[in-house]
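Colleague: Please see the structure below; I have some questions.
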Amino acid sequence: MTIEEFLPARRELPEDVRYRLREDVLTGLARPKRGRWGAAAAAVVLLAGAATAGAQLWRADPAQVAGPSPDPAASVLDRCWAAAETAGQAGQLPPRRSWTSSTMAAQGEHVGVTFLAAGKPAACETTATTVTLTNPDTTLTYAEGSRTALLLHTASGLAAGIADPVWARIELSREDGLGITTEQVPQAGHLFLSFTQTPPSQGALWAGRWDAGQLERSWPRAALPAPAPPLFSVVDRPGDRSTPAGLALKECFALASRPPDDAASYQAGAVLDNGPYRVVLARNAEHALACSTDGATAEISVDTFAGKSIPARRLLVPEIGGRMPFAGIVPPSATKMIADFGLGTPTDVPIVNGTFAVWPPEGSAPVGISGTTWVRVSTAKGTPLFNGDVGGK
Amino acid sequence: MGVTMQRTGAEAPVEAVSDLDDRELWDRAASGDETSFAELFERHVQAVWNHAYRLTGSWSSAEDLTSNTFLIAWRKKGDLTLVRGSALPWLYTVAGNLARTERRSASRRLRLLRRIPEPPDVHDHADSVAAQLDGEERLRQVIDAVRGLPPAQRQVVELCLLGDLSIADAASLLKVAEVTVRAHLSRARAQLRTLLEAK
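Chains H and F are the protein sequences, given in the same order.
Counting in the working numbering, the first sequence runs from 1 upward without gaps.
Counting in the working numbering, the second sequence runs from 1001 upward without gaps.
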């Protein structure tokens, strides 16, 4: 017997795992640097969370997040303030002019900002369609043995808080010590922000102190008490319903017996027509759906993902009008997609706003519920984003 | 259409891999060049990921360990030791150190072990689930046995047996004589054999 007999054979690294690893590392590097990974990994970065926290929707130009202001964080805070006014909550907040930003991090249109409002710590998260703001008057609950507390921890995994003043960096991780992110703690304000990829549903975040130059974990960690509920979370930029696709989505929702509660937050994507039958794809910050209608009734399939491929994922959409749609989501930066339906030549698949949908052409191999279909997805510049099978169990 | 449908394979990066060797890439990374670090990541991530699995016995833990290995590597990029022009051996040591950090407390180790039965997140090409579980159990036995070795032997085992480094490369990395590595490995093999046959 040799030891080697006990060792597993080495495996080829699956593309979706490579993607997740690349994103984990990119997330851990200093932001908002965007090098080569900026062109590809950053373009698909938010979808890493799709498996656990739902997908994030990016629009075409992330720079739009910042707006015309030379200070991107100020623009985000302007939006947060405007949302507070719209939500009727501005009266509970210190005036906007007293807000001074501390830390900002962005993954496309998913942006977090920590700030001091009249000297009180607060955080704001914005997505393509929503704003979530914490209450500066909230009483903080510190982790045992430190002056570190959370201000915000959202389903997307974004965590914001205030770190103990003696901490140079903060480590955030799960209870089991894995899922680690570390962030610099600004000496002014000590407010931190991190895309942890760990949503509250996976348990509490644990925090640990790191000193300057420290290379390995050496201080004890402690569980961070859950933050107080945010002051508000609102849809401030409803999905556009004036476009043909937006109108199709609006009409489909109107025919559904149970339209989604957050219907306004969905942005319309690809649309398939077949006589009186229609399928409309849509996404918001956390979910992807397909609305299928025969013109009289509509059925909505939310997050009915097939298989585990990331970042391109197939949605299971019921057969309609005797045809099975081939539909799903892709990174928002994707513009070109081809699929192999067994015809010998690839089929172009339309992509709209991070969604794809096509009727498989005549003669295609059946696109079953548990089958897989090879696809290749790329950006406008031809950078491959995904090359492999989607679907399956 | 003029498009051929070929899979790029797991080794294909998002963009063309640079012709630069590890030394040149690492020098650039050490000066803060994220692009060069990305090249190194694409070049070595598969090997580190497989090594991380052999260190943890869990594919999900291997993912965390792999990403943290590269993050630590980025932060310690000024400390790199190249072996025959490759950064991989050094990355193995970073992964090994991280794995030991994660195992520092017994309770944490137990929690890690409880993670093992989780369904793997990766596509499984094993012949059957039963065979896979059997393989994981055997790997777990090896990992437990390796943890019981003296530190010097354990490090050599991690590099040469789990990591497939040559004795010469391990000696170069650890800055010891080849005969020392050979001796540690020989003793470790004997002890591991005893431990595993006793199970």
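Don't be surprised by glycine CBs; every beta carbon is placed ideally from N, CA and C.
1. Going by the CB atoms, is the gap between F326(H) and R313(H) shorter than 9 Å?
2. Of all the options L13(H), P94(H), E12(H) and T198(H), which has the alpha carbon lying nearest to the alpha carbon of L231(H)?
3. At least one CB of chain H closer than 9 Å to the CB of E1136(F): is that the case?
4. If contacts are defined as beta-carbon pairs under 8 Å, then G1085(F) and D1021(F) qualify, I think. What distance do you get, rounded to the angstrom?
5. Just mark V131(H) as buried or exposed, buried being the case when its beta carbon has 16 or more other beta carbons within 10 Å.
6. Does the CB of I1167(F) have a neighbour CB from chain H at under 9 Å?
7. Out of I310(H), S265(H) and P259(H), which one is the CA nearest neighbour of S292(H)?
8. Find out if the Cβ-Cβ distance for the pair T379(H), V390(H) is shorter than 9 Å.
9. Count the other CB atoms, across all protein chains shown, that sit within 10 Å of the CB of V426(H); report buried if there are 16 or more and exposed otherwise.
10. Opposite Q267(H) in the DSSP bridges: which residues?
11. Could one say the Cβ of R20(H) lies closer than 9 Å to chain F's Cβ atoms, at least one of them?
12. Please determine, among H287(H), D261(H) and E251(H), the residue with the shortest C-alpha to C-alpha distance to V271(H).
13. Along chain H, which residues have their Cβ under 7 Å away from the Cβ of W1074(F)?
14. Run down chain F in chain order and give the residues with a C-beta less than 8 Å from the C-beta of L215(H).
15. Once the 5 residues before and after H1030(F) are set aside, which same chain residues still bring their CB inside 8 Å of it?
16. Starting from T1101(F), find everything on chain H with Cβ-Cβ shorter than 7 Å and list it in chain order.
17. Kindly indicate which three-state DSSP category P68(H) falls into: helix, strand or coil?
18. Are the C-beta of R1189(F) and some C-beta of chain H separated by less than 9 Å?
19. Please name the residue, chosen from I351(H), V352(H) and T347(H), that lies closest to G363(H) on a Cα-to-Cα basis.
20. Identify every residue that forms a DSSP beta bridge with I162(H).
21. Within 9 Å (strictly less), CB to CB, does E299(H) reach chain F?
22. State buried or exposed for G161(H), treating a residue as buried only when at least 16 other CB atoms are found within 10 Å of its CB.
23. Report yes if the C-beta distance between T129(H) and P227(H) is below 9 Å; otherwise report no.
24. Examine chain H for any beta-carbon lying closer than 9 Å to the beta-carbon of T1066(F), and answer yes or no.
25. Hey, A290(H) and V317(H) are a contact pair by Cβ (cut 8 Å); roughly how many whole angstroms apart?
26. Along chain F, which residues have their Cβ under 7 Å away from the Cβ of G179(H)?
27. Based on the DSSP secondary-structure assignment, which residues constitute the bridge partners of G407(H)?
28. What residues of chain H sit near V1142(F), judged by a beta carbon separation below 8 Å?
29. Can you tell me whether DSSP reads W99(H) as helix, strand or coil?
30. According to DSSP, is F356(H) helix, strand or coil?
31. Taking a cut of 7 Å between CB atoms, which residues from the stretch 1017–1050 of chain F lie near chain B?
32. Check whether the Cβ atoms of P121(H) and S156(H) sit closer than 9 Å, and answer yes or no.
33. Taking C-alpha atoms, which residue in L21(H), A84(H), G112(H) and G342(H) lies nearest to V235(H)?
34. Quick check on G329(H): does DSSP put it in helix, strand or coil?
35. Taking Cβ-Cβ distances shorter than 7 Å, what residues in chain F pair up with R10(H)?
36. Please state the DSSP three-state secondary structure of V113(H).
Modeller: If we stick to the structure as given:
1. Translated into the one-based positions of the first sequence, residue 313(H) becomes position 313. Translated into the one-based positions of the first sequence, residue 326(H) becomes position 326. Not a contact, by the Cβ cut-off of 9 Å.
2. Mapped onto the first sequence, residue 231(H) falls at position 231. Nearest of L13(H), P94(H), E12(H) and T198(H) to L231(H), Cα basis: P94(H).
3. Here the question's residue 1136(F) lines up with position 136 in the second sequence. Chain H, which has a Cβ nearer than 9 Å to the Cβ of E1136(F), makes this yes.
4. The sequence position of residue 1085(F) within the second sequence is 85, counting from 1. The sequence position of residue 1021(F) within the second sequence is 21, counting from 1. Their Cβ separation, rounded to whole angstroms, is 6 Å, which keeps G1085(F) and D1021(F) in contact under 8 Å.
5. In the first sequence, residue 131(H) corresponds to position 131, counting from 1. Under this definition V131(H) is a buried residue.
6. Residue mapping note: residue 1167(F) aligns to position 167 of the second sequence, counting from 1. No - not a single Cβ of chain H is within 9 Å of the one on I1167(F).
7. Here residue 292(H) corresponds to residue number 292 of the first sequence, with the count starting at 1. The residue with the shortest Cα to Cα distance from S292(H) is P259(H).
8. As a first step, residue 379(H) is located in the first sequence; it is residue number 379 there, counting from the start. As a first step, residue 390(H) is located in the first sequence; it is residue number 390 there, counting from the start. A distance of 9 Å or more separates the beta carbons of T379(H) and V390(H).
9. Within the shown structure, residues of chain H are numbered from 1 to 393, placing residue 426(H) beyond reach of any answer.
10. Translated into the one-based positions of the first sequence, residue 267(H) becomes position 267. R283(H), per the DSSP bridge assignment.
11. One-based indexing of the first sequence puts residue 20(H) at position 20. Closer than 9 Å to some Cβ of chain F, the Cβ of R20(H) qualifies, so yes.
12. On the first sequence, position 271 is the one that residue 271(H) refers to. Minimum Cα distance to V271(H) is reached at E251(H).
13. Within the second sequence, residue 1074(F) is the residue found at index 74, counting from 1. Chain H residues near W1074(F): L29.
14. Start at 1 with the first residue of the first sequence, and residue 215(H) comes out as number 215. Neighbours of L215(H) on chain F, chain order: I1072, R1075 and K1076.
15. As a position in the second sequence, residue 1030(F) is number 30, starting the count at 1. Residue 1030(F) is actually Ala in this sequence, not His. Cβ within range, chain order: K1077, G1078 and L1080.
16. Numbered from 1 along the second sequence, position 101 holds the residue referred to as residue 1101(F). Near T1101(F) (Cβ distances below 7 Å), the residues of chain H are E216 and R217.
17. Start at 1 with the first residue of the first sequence, and residue 68(H) comes out as number 68. Here P68(H) scores only 38 on pLDDT, less than 50, and its place in the model should not be relied on; the value that follows carries that caveat. Note: P68(H) maps to coil in three-state DSSP.
18. Within the second sequence, the letter at position 189 stands for residue 1189(F). Yes - at least one Cβ of chain H is within 9 Å of the one on R1189(F).
19. Taking the first residue of the first sequence as position 1, residue 363(H) is located at position 363. The residue with the shortest Cα to Cα distance from G363(H) is T347(H).
20. The residue given as residue 162(H) occupies position 162 in the first sequence. Bridge partners of I162(H): A149(H) and L191(H).
21. For the purposes of this step, residue 299(H) is identified with residue 299 of the first sequence, where counting begins at 1. E299(H) does not count as touching chain F.
22. Sequence index remark: in the first sequence, residue 161(H) carries index 161 (1-based). Buried: at least 16 other Cβ atoms inside 10 Å.
23. Within the first sequence, numbered from 1, the residue matching residue 129(H) stands at position 129. Within the first sequence, numbered from 1, the residue matching residue 227(H) stands at position 227. Inclusion of T129(H) and P227(H) in the CB contact set at 9 Å is not warranted, their separation being larger than that value.
24. Here residue 1066(F) refers to the residue found at position 66 when the second sequence is read from its first residue. By this cut-off, T1066(F) is an interface position.
25. Reading the first sequence from its first residue, position 290 is the one you call residue 290(H). Reading the first sequence from its first residue, position 317 is the one you call residue 317(H). With a Cβ gap of about 4 Å, A290(H) and V317(H) count as contacting.
26. The residue given as residue 179(H) occupies position 179 in the first sequence. Correct list: D1064.
27. Chain H is shown from 1 up to 393; residue 407(H) falls before or after that span and cannot be answered.
28. Taking the second sequence and counting its residues from 1, the one referred to as residue 1142(F) is at position 142. Those within 8 Å of V1142(F) in chain H are I3, F6 and L7.
29. Within the first sequence, numbered from 1, the residue matching residue 99(H) stands at position 99. W99(H) falls in the strand class under three-state DSSP.
30. As a first step, residue 356(H) is located in the first sequence; it is residue number 356 there, counting from the start. In this structure, F356(H) counts as strand in the three-state DSSP scheme.
31. Protein chains H and F are contained in the structure displayed, whereas chain B is not.
32. What you label residue 121(H) is simply residue 121 of the first sequence in a count that begins at 1. What you label residue 156(H) is simply residue 156 of the first sequence in a count that begins at 1. No.
33. Position 235 of the first sequence holds residue 235(H). Of the candidates L21(H), A84(H), G112(H) and G342(H), the one whose C-alpha sits nearest the C-alpha of V235(H) is A84(H).
34. Indexing the first sequence from 1 puts residue 329(H) at position 329. It should be noted that the sequence gives Ile, not Gly, for residue 329(H). Three-state DSSP puts I329(H) in a strand.
35. Your numbering for residue 10(H) matches position 10 in the first sequence. Residues of chain F passing the Cβ test: N1050.
36. On the first sequence, position 113 is the one that residue 113(H) refers to. In the structure shown, V113(H) sits in a strand (DSSP, three-state: E or B).
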